[in-house]
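**Student:**
In our numbering, the protein residues as written are 22 to 167.
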């Protein structure tokens, strides 16, 4: 394997991780039910003050993702960018739950936190919006060494 090209990476500090999470709008949330994994693309918002990531998800009453959220003890969120010679990735791991109604931000705050809700062959009136919280025990990032 002497002819394989390698790119060196270094750990990101907390400020760089926060900056990247503020700039990124989405990533992959990975959940599990015993031996079965479930990864979904999600919109993300960093709440650094409370050590958590917030995801906006919708449910039409037939969504598998909420079953997985309930059965997941420890979730993982990944976001990354690989643009030519520069790349970075961030991984957060921790407990996950759906926020109860009394903890939800107001609608204007939710609109500021996320882009428009993506609707897939459902009626908007049939959708229920949820904010899901991942309180991270681990938050790490790596980027291309300069």
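In this text, a Cβ means the ideal position worked out from N, Cα and C, and glycines have one as well.
With the cut-off set at 8 Å, would you say residue 93 and residue 52 are in Cβ contact?
**Tutor:** yes
**Student:** Identify which residue in 112, 108, 100, 75 has its Cα closest to the Cα of residue 125.
**Tutor:** If we check each option's Cα against that of residue 125, 75 comes out closest.
**Student:** Quick one: grab the DSSP three-state call for residue 145.
**Tutor:** helix
**Student:** Starting from residue 35, trace the alpha helix (DSSP H) in both directions and tell me its first and last residue.
**Tutor:** For residue 35, the enclosing alpha helix (DSSP H) has its first and last residue at 35-44.
**Student:** How far does the alpha helix (DSSP H) with residue 130 in it extend, from its first residue to its last?
**Tutor:** 128-134
**Student:** Quick one: residues in its chain with C-beta nearer than 6 Å to the C-beta of residue 115, no 5 flanking neighbours on either side, listed in chain order?
**Tutor:** 155, 156, 157, 158
**Student:** Would you say residue 163 lies against chain C (beta-carbon separation less than 8 Å)?
**Tutor:** Among the chains in the structure shown there is no chain C, since it carries only a single protein chain.
**Student:** Can you give the Cα-Cα distance for residue 32 and residue 24, rounded to whole angstroms?
**Tutor:** 25 Å
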